[in-house]
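**Student:**
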Amino acid sequence: MFFVAFLLLAAASCVKCEQLTQAAAQAVQSGQSLTISCQVSYSLGSYPTFWIRQAAGKTLEWIGAARTGYTTDYNNMMKNKFSITLQDSSKTVTLNGQNMQHEDSGVYYCARRDTVIQTSSKAVQKLLNKLFQTTREGLFCVILCILLY
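Going letter by letter, the sequence shown gives residues -17 to -1, 1 to 132 in mature numbering (1 follows the signal peptide of the UniProt record, and there is no 0).
1) Rounded to whole angstroms, what is the Cα-Cα separation between M60 and E44?
2) Per DSSP, N59 forms a beta bridge with which residues?
3) Can you tell me whether residue 157 is helix, strand or coil according to DSSP?
4) On the three-state DSSP scale, how would you describe S72?
5) Look at the alpha carbon of K62 and the alpha carbon of I46, and state the distance between them as a whole number of angstroms.
6) Whole angstroms are fine: how far does the CA of S72 sit from the CA of residue 184?
7) Give me, in chain order, the residues of the same chain whose beta-carbon lies closer than 7 Å to that of V90; leave out the 5 immediate sequence neighbours on both sides.
8) CA-CA distance, S24 and T54?
9) Between S26, L69, G40, Q70, which lies nearest to D87 when the distance is taken from Cα to Cα?
10) The beta strand (DSSP E) spanning L43 covers which residue range?
11) Around the C-beta of A6, are 16 or more other C-beta atoms found within 10 angstroms, so that it is buried, or is it exposed?
12) Can you give the Cα-Cα distance for T42 and G52, rounded to whole angstroms?
13) Identify the residues that DSSP records as bridge partners of T18: which are they?
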């Protein structure tokens, strides 16, 4: 029990949370444009920020991803409907939609890529060989694997 508690304590010291804040719900009429902003706590050049939507009763649909200094990627089916803009100074990622229709109704989410930065067998070996020595990479994932298996 002490071993698990120690690992959880070590993991807690390595976990860094990021915050993404979206505006409240909004409605648009058919044919109108849509603008949704997402303010983030991290540098827009550090990670891609995704826009995803979910229509009622349907699965998630990836709209696109943007990152400062990189080409913005879009779902081929949506690239003529949506655009994503970045405002580095305010750390804001904006989704713009044009000619919105009833079928575009849904919940739109912004999300940061790579919530787990890296996993590797090397991190597992280090943890198993040196049980009480923490490693930077993969520790949180390793702990989850140990607890789940």
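Glycine included, C-beta positions come from ideal geometry on N, C-alpha and C.
On a predicted model such as this, the values are computed, not experimentally measured, just so you know.
**Tutor:** According to the data block:
1) 10 Å
2) Per DSSP, none; premise fails for N59.
3) Nothing about residue 157 can be read from this structure; the chain reaches only from -17 to 132.
4) helix
5) 8 Å
6) As displayed, the chain neither begins before -17 nor continues past 132, which places residue 184 out of reach and without an answer.
7) R36, Q37
8) 21 Å
9) G40
10) 43 to 49
11) exposed
12) 30 Å
13) N79
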